[in-house]
Structure formats: C-alpha cells, structure tokens
Amino acid sequence: MSAPSLLWRGAALVLLLLFITAPQLFAFAFEPLTVNGAPAIYNQGSLLSLTLSHLRIVFLATLASTILALGLGIFVTRPSGREFLPLSRSLVNIGQTFPPVAVLAIAVPLVGFGEKPTFIALFLYGLLPIFENTLTGLMEVSPQTLDAAKGMGMNPRQRLFQVELPLALPVILAGIRLSVIISLGTATIGSTVAAKGLGEVIIAGLQSNNVAFVLQGGLVVALLAVLIHDGLGMAERRVSAKLGRAADEVS
Amino acid sequence: MIEIEHLSKRYAETIVVDDVSLRMDEGTITVVVGTSGAGKSTLLRMINRLVEPSEGRVLIDGQDTMAIPEDQLRHRIGYVIQGYGLFPHRNVAENIATVPRLLGWDKRQIAARVDELLDLFQLDPAEFANKFPHELSGGQQQRVGVARALAAKPAVLLMDEPFGALDPVIRSKAQDDLVAIQRRLGTTVVLVTHDMNEAFQLGDRIAVMDQARLLQYATPAELLTRPAEAFVEQLVGTAERPFRLLSLLKVREAIEPGPAEGEPVSVTDTLRDALSRLIWTGREALPVADASGALVGRVSVKGIVAHGRSAP
Numbered sequence: 000m001s002a003p004s005l006l007w008r009g010a011a012l013v014l015l016l017l018f019i020t021a022p023q024l025f026a027f028a029f030e031p032l033t034v035n036g037a038p039a040i041y042n043q044g045s046l047l048s049l050t051l052s053h054l055r056i057v058f059l060a061t062l063a064s065t066i067l068a069l070g071l072g073i074f075v076t077r078p079s080g081r082e083f084l085p086l087s088r089s090l091v092n093i094g095q096t097f098p099p100v101a102v103l104a105i106a107v108p109l110v111g112f113g114e115k116p117t118f119i120a121l122f123l124y125g126l127l128p129i130f131e132n133t134l135t136g137l138m139e140v141s142p143q144t145l146d147a148a149k150g151m152g153m154n155p156r157q158r159l160f161q162v163e164l165p166l167a168l169p170v171i172l173a174g175i176r177l178s179v180i181i182s183l184g185t186a187t188i189g190s191t192v193a194a195k196g197l198g199e200v201i202i203a204g205l206q207s208n209n210v211a212f213v214l215q216g217g218l219v220v221a222l223l224a225v226l227i228h229d230g231l232g233m234a235e236r237r238v239s240a241k242l243g244r245a246a247d248e249v250s
Numbered sequence: 000m001i002e003i004e005h006l007s008k009r010y011a012e013t014i015v016v017d018d019v020s021l022r023m024d025e026g027t028i029t030v031v032v033g034t035s036g037a038g039k040s041t042l043l044r045m046i047n048r049l050v051e052p053s054e055g056r057v058l059i060d061g062q063d064t065m066a067i068p069e070d071q072l073r074h075r076i077g078y079v080i081q082g083y084g085l086f087p088h089r090n091v092a093e094n095i096a097t098v099p100r101l102l103g104w105d106k107r108q109i110a111a112r113v114d115e116l117l118d119l120f121q122l123d124p125a126e127f128a129n130k131f132p133h134e135l136s137g138g139q140q141q142r143v144g145v146a147r148a149l150a151a152k153p154a155v156l157l158m159d160e161p162f163g164a165l166d167p168v169i170r171s172k173a174q175d176d177l178v179a180i181q182r183r184l185g186t187t188v189v190l191v192t193h194d195m196n197e198a199f200q201l202g203d204r205i206a207v208m209d210q211a212r213l214l215q216y217a218t219p220a221e222l223l224t225r226p227a228e229a230f231v232e233q234l235v236g237t238a239e240r241p242f243r244l245l246s247l248l249k250v251r252e253a254i255e256p257g258p259a260e261g262e263p264v265s266v267t268d269t270l271r272d273a274l275s276r277l278i279w280t281g282r283e284a285l286p287v288a289d290a291s292g293a294l295v296g297r298v299s300v301k302g303i304v305a306h307g308r309s310a311p
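In structure tokens, the structure reads:
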C-alpha cells in the first residue's frame with residue numbers, strides 16, 4: 000500500500016476514534032443541519048457504547064456464519080458430501096434472498112425483541128458470501144497439487160488441513176470480508192427491533208426529523224466499514240503474497 | 000524389485016490396462032513408453048494404488064501392495080508428476096520435508112536430510128531453502144520435485160512425464176542428472192513418457208504400451224533389433240534405428256588394434272559420438288584413449304558402421 004493511502008486510512012481512524020469518544024468537539028460541523036435549536040450531537044446515549052454493541056453483534060453473527068458456511072463448504076467438497084452440494088447451495092441462497100427486514104419481522108414473534116432477531120438476520124445474510132468463497136477456494140486448488148499430496152501418502156485430513164485450506168485461505172478471507180461489510184450496514188436496521196447499535200442514532204434522527212443525527216450514525220457506520228474492509232484486505236494480500244499470487248486476484 | 004502380475008484396470012466398459020505383467024529389477028530404470036491414452040500413467044498409478052487395480056496384483060520386494068495400508072505404501076514410494084505439484088504455500092525446504100514430516104522424523108534429522116538433498120540436486124541451501132515454488136525456474140522446480148520424492152529414501156521412485164514441462168536444453172541436463180543420482184542411490188525407477196528419445200536415453204529396459212496392452216518389454220537394443228510388432232518398429236522410428244543403436248554402444252566395444260591420427264576419443268564415449276567426430280573431421284579412424292588417457296587402439300568408420308546393422 001502506498002504511503003499517501005496509508006496516511007488517509009490513519010487519518011480516518013483518528014477521526015473515527017475522536018468522534019465516537021468526544022462527539023461534542025464536532026458540534027460546530029453539525030449545527031447548520033439542525034432546525035429549531037435541536038441538539039446537533041446525539042444525546043440519548045454514548046456513541047462509543049453504541050459502536051461497541053454494533054461491532055459486537057456483527058462480530059458474533061459473522062463468526063457464526065463463518066463456522067457454519069466453512070463447515071458446510073468443506074463437507075460438500077468431500078467425496079462423502081458431494082451429493083449435498085446442490086441442496087446446500089440452494090439453502091444458502093434462500094438465506095440471501097430473504098430481506099433482513101423480513102427475517103426480523105418473522106423472528107421477533109418467535110424470539111422476542113432485542114439482539115436475537117438481529118443476530119438471526121445477520122447470520123443468515125452473511126452465510127452466502129463465505130459459503131460460495133469457501134467452495135471456490137477449495138475447488139480452485141490445482142488437481143496436480145492434490146495428486147502430489149495424495150501420492151506422497153497424505154490422508155484426507157492431512158490434505159485438507161495442510162494443503163487445501165491454506166491454499167483456499169485468501170478466497171475464504173475475501174468471503175468473510177464481504178460478509179462483515181454487508182453485516183455492518185445491515186445491523187443498523189436491528190435498532191428497529193430494539194437491538195443496541197448505531198441504527199439507534201439514525202432512527203432517532205428520522206423520528207425527530209434531525210438530519211444531523213442521521214448523518215452521524217451513517218458516517219460512523221461508513222467509516223467502520225471502510226476501515227475494516229481495508230484491514231481485512233491487507234490480511235488477505237499478505238496471505239496471497241506468500242502464495243505467489245497477485246493481490247488483485249482475490250479482491 | 001517390482002513385480003506386476005496380470006494387472007488390469009477397467010472403467011465400466013472401457014479397459015485402460017489389459018493384463019500387463021512386468022518385472023522391474025532392483026536398482027534399474029524402467030521406462031514405460033507409448034502414445035497418449037495407451038494406459039501407461041494408469042499402470043504407473045496402480046503401483047502406488049492411486050488407481051486401484053481391477054484385476055491382478057503388484058508385489059514390491061515380494062510383498063503384495065494390497066496388504067499395506069495405502070498411505071503407508073505411498074510413504075515408501077517416491078512420486079513425481081508432470082508439473083511437479085509443489086505446494087505453493089510452502090517453501091522449498093518445507094516441500095522437501097513433506098514425507099519425513101508425515102513420518103514423524105525429528106526436526107534435526109529432517110533439516111539434515113533437506114540440506115543433503117539440496118546439495119545433491121545442486122541447489123545451494125542458503126539460497127533456495129526459503130524460496131517459494133513460484134520464485135523458482137522450471138528446472139529448479141523439477142529438481143525440488145524429485146528431491147521431495149526422494150526425501151524419505153524410498154526404494155522405488157515413480158515418475159510420470161517428469162521432464163515434459165522442461166525446454167530441451169534443461170531437459171537433457173535433468174535426464175543426465177537423474178541417471179547419475181539413480182546410479183548413486185540405487186533407486187528402482189519407473190518412468191512414464193511418450194518421448195522415445197527419452198526412453199532410449201534413460202531406460203535399462205523399455206516397456207512399450209499401446210491401447211491398454213503391453214506390446215514389448217525389452218532392453219533398448221533388443222527393441223531396435225527385434226521389435227515384436229509393427230507398432231513398436233514404427234514407434235522406434237525406422238530411419239533413426241542405426242543411430243539409436245550406436246548411441247547405446249560404447250567405443251570400447253568397437254576397438255580395433257592399430258594406430259590412428261588425430262585427437263583420441265574416450266572408451267566411454269558412445270559409438271554415435273565417435274562416428275559423428277569421424278564424419279566431422281573427415282578421417283577414416285581415430286585413436287582411442289582409456290580413462291587414464293593411455294592409447295589403447297583405434298575406431299574406424301567401417302568398424303562403427305558394422306555395429307549399427309540389424310544383424311551383427
């Protein structure tokens with residue numbers, strides 16, 4: 000990564016940290032957006048704790064998606080699970096076609112308000128990118144490499160952990176990154192069912208017709224997304240550089 | 000020693016290897032040659048059970064390979080394929096250490112073995128041990144592939160078109176290196192190729208396959224002078240035959256008494272090389288020197304040509 004772009008990221012990170020810990024410093028910038036003396040900075044809770052809750056639910060949902068999608072992806076690429084490939088593909092696709100709002104609507108009567116329905120929506124929505132990338136990564140491992148591994152006497156488990164997964168890793172990481180970014184945005188709607196998160200700021204703004212609030216919530220989510228996207232992208236590039244592939248191949 | 004007894008492989012209705020029996024002596028190079036689709040790779044892959052035979056059996060040093068768990072069997076058999084299949088995420092040292100690691104050798108033993116093999120293949124450990132496969136040239140990758148296959152000191156080495164991806168100059172060097180290393184280690188090598196020149200250059204014995212069947216299994220000289228079928232004759236190349244025959248024989252077999260003018264040829268040169276020197280220098284005969292440089296006689300055009308005839 001070039002020096003100027005690193006500088007930009009660093010600046011974005013500092014800006015984000017400053018804003019969520021001491022938002023009053025930025026009141027001057029948001030004041031012109033308010034009408035009738037409404038507050039310029041969100042005042043119904045700490046931005047820092049909302050951000051942490053937001054990140055927490057995204058992390059937990061992505062972790063759960065990763066475990067299931069990775070496990071399923073590995074299973075259906077084994078000889079014993081190959082016949083389940085079409086079935087699991089359609090199941091995961093259904094998870095993606097269901098709009099998260101619809102999932103929330105269905106989940107609330109079943110599990111109640113709060114974090115649980117949001118978690119379910121994010122979890123289902125995050126499965127597809129990770130599952131598809133796991134499949135692609137595992138199926139792209141060169142047959143020659145696998146033949147050599149088998150010919151040297153590696154058993155199926157050794158082939159999976161020592162050859163297939165390490166080689167598929169950059170592509171799997173790209174899937175996880177995609178899933179995290181989708182979840183970061185999607186998690187804002189969780190606030191409609193009383194999950195703590197940055198959606199609260201946006202919704203409060205919409206309800207009181209305060210553009211400053213909407214903008215604050217949106218900006219924090221956007222900055223988080225950009226920074227996390229970059230961070231994970233860097234990890235991927237490091238892994239793929241070791242494999243001798245061009246970084247843009249997996250982005 | 001590898002004994003292949005009535006080995007067949009069928010996929011549904013197609014027969015890929017049809018009742019092949021062969022015996023490969025310990026410490027020799029056997030080349031399986033044939034057109035593509037002749038079944039030679041399948042035959043090779045049945046030796047380490049990457050392909051399970053439909054019928055027949057393979058014995059290694061008298062032991063039926065079906066009696067050994069397949070992974071253990073493969074630990075004992077080196078395997079080199081075209082393109083080598085090096086692990087892109089592991090460096091040269093880790094690639095070579097693959098089988099010793101699977102076998103649970105201790106770290107120091109593995110490191111020593113890796114260095115030994117890198118030296119054997121003329122790759123400086125300091126320079127190459129930490130390189131990744133994508134940083135190597137084709138010839139270097141090939142050497143790492145063979146070194147990896149030899150890491151756990153297997154008695155048998157299977158090679159499937161191991162030189163196919165190399166350019167001609169590097170290929171001939173790699174072939175010479177293989178023979179030198181094989182002679183030094185005494186490994187039993189089975190090598191599959193479609194290149195007849197390669198077969199003649201490397202093989203102690205050559206097995207010719209066509210359409211799933213073994214047509215002839217003989218020494219290179221026998222293959223030239225007594226081809227079993229028209230297909231073998233065609234594969235050997237009728238126009239090339241005398242020259243191939245001469246390249247199998249050494250100068251020592253055509254020495255005549257008497258003096259000759261010119262720069263001496265060595266007793267270990269092939270007759271083909273000697274003839275080529277005679278033609279190029281325009282002489283009728285050249286002196287022959289033994290390993291110490293002492294003159295031991297001469298070779299003549301007439302004498303060499305007599306060795307290139309079908310019925311000596």
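Residue numbers (numbering that gives the first Met the number 0), protein chains in the order written: chain X, 0 to 250; chain C, 0 to 311.
Virtual Cβ for every residue (Gly too), placed ideally from N, Cα, C.
Among the CB atoms of chain C, none fall inside 8 Å of the CB of P99 (chain X). Nearest to L165 (chain C) by alpha-carbon distance, out of C:G137, C:V15, C:T280, C:V113, is C:G137. Distance from the CA of R240 (chain C) to the CA of E262 (chain C), rounded to the nearest whole angstrom, comes to 28 Å. In the three-state reduction of the DSSP assignment, V140 (chain X) falls in the coil class. In the three-state scheme derived from DSSP, where H, G and I count as helix and E and B as strand, D159 (chain C) is classed as strand. Interface flag for H193 (chain C) against chain X is unset, since no Cβ pair is found closer than 8 Å. Taking C-alpha positions only, V107 (chain X) is separated from G196 (chain X) by approximately 17 Å. DSSP, read as helix, strand or coil, puts Q81 (chain C) in coil. Taking 8 Å as the cut-off, the beta carbon of R243 (chain C) is found closer than this to the beta carbon of L223 (chain C). Within the stretch 133–151 of chain X, contact with chain C at the beta-carbon level (separation under 9 Å) is assigned to S141, P142, Q143, T144, L145, D146, A147, A148, K149, G150, M151.
If you draw a straight line from the Cα of D114 (chain C) to the Cα of G38 (chain C), it is about 37 Å long. With distances taken between CA atoms, L121 (chain X) lies nearest to X:F97 out of X:F97, X:G136, X:E131. CA-to-CA, the gap between E25 (chain C) and V207 (chain C) works out to about 20 Å. Any Cβ of chain X closer than 8 Å to the Cβ of P87 (chain C) would place that residue at the interface, and such an atom is present. For the options X:A68, X:L183, X:S141, the alpha carbon positioned closest to that of I129 (chain X) is the one of X:A68. By the Cβ test, the stretch 123–138 of chain X is not in contact with the stretch 44–52 of chain C, since fewer than three Cβ pairs between them sit closer than 8 Å. Residues of chain X with a Cβ closer than 8 Å to the Cβ of Y78 (chain C) are, in chain order, A147, G150, M151. Beyond the five residues adjoining it in sequence on each side, R176 (chain X) comes within less than 6 Å, by CB distance, of L231 in the same chain, given in chain order. Non-local beta-carbon contacts of E232 (chain C) in its own chain, meaning distances under 7 Å to residues more than five positions away in sequence, involve P226 in chain order. Cβ contact annotation for S64 (chain X) (same chain, cutoff 7 Å, sequence separation greater than five): F122, G125, L126, I129, S178, in chain order. In its chain, beyond the 5 residues on either side, V200, F212, Q215 have a beta carbon closer than 6 Å to the beta carbon of Y41 (chain X). Counting along the chain, I28 (chain C) sits inside no alpha helix (DSSP H); it lies in the beta strand (DSSP E) bounded by residues 28–33.
Within 8 Å of the CB of P165 (chain X), the CB atoms of chain C belong to H88, in sequence order along the chain.
Within chain C, no residue has its CB atom less than 8 Å from the CB of Q215 (chain X), the nearest being about 44 Å off.
Within the DSSP bridge table, the entry for P286 (chain C) names C:R297 as partners. For A220 (chain C) against L247 (chain C), the beta-carbon gap comes to about 5 Å, under 8 Å, which counts as contact. Contact check for L157 (chain C) and V189 (chain C): beta-carbon distance about 5 Å, within the 8 Å limit, so the pair qualifies. Here S207 (chain X) has A37 as same chain residues with Cβ atoms under 7 Å from its own Cβ, once five neighbours each way along the sequence are excluded. Here DSSP, grouped into helix, strand and coil, assigns H5 (chain C) to strand. In chain order, M151, G152 make up the part of chain X whose C-beta sits under 8 Å from the C-beta of H74 (chain C). Contact of N196 (chain C) with chain X is not assigned, every C-beta pair being separated by 8 Å or more. Along the length of the stretch 43–79 of chain C, whole beta strand (DSSP E) runs at least 3 residues long occupy 54–59, reported in chain order. Our two residues, L6 (chain X) and M233 (chain X), have alpha carbons roughly 15 Å apart in a direct line. If you keep only unbroken alpha helix (DSSP H) runs of at least 4 residues inside the stretch 217–270 of chain C, you get 219–224, 229–235, 240–247. Excluding five sequence positions before and after T267 (chain C), the CB atoms of its chain that fall closer than 8 Å to its own CB belong to K249, V250, R251, A290, given in chain order. Sorting C:L245, C:L274, C:D118, C:R182 by C-alpha distance to the C-alpha of G307 (chain C) places C:L245 at the top.
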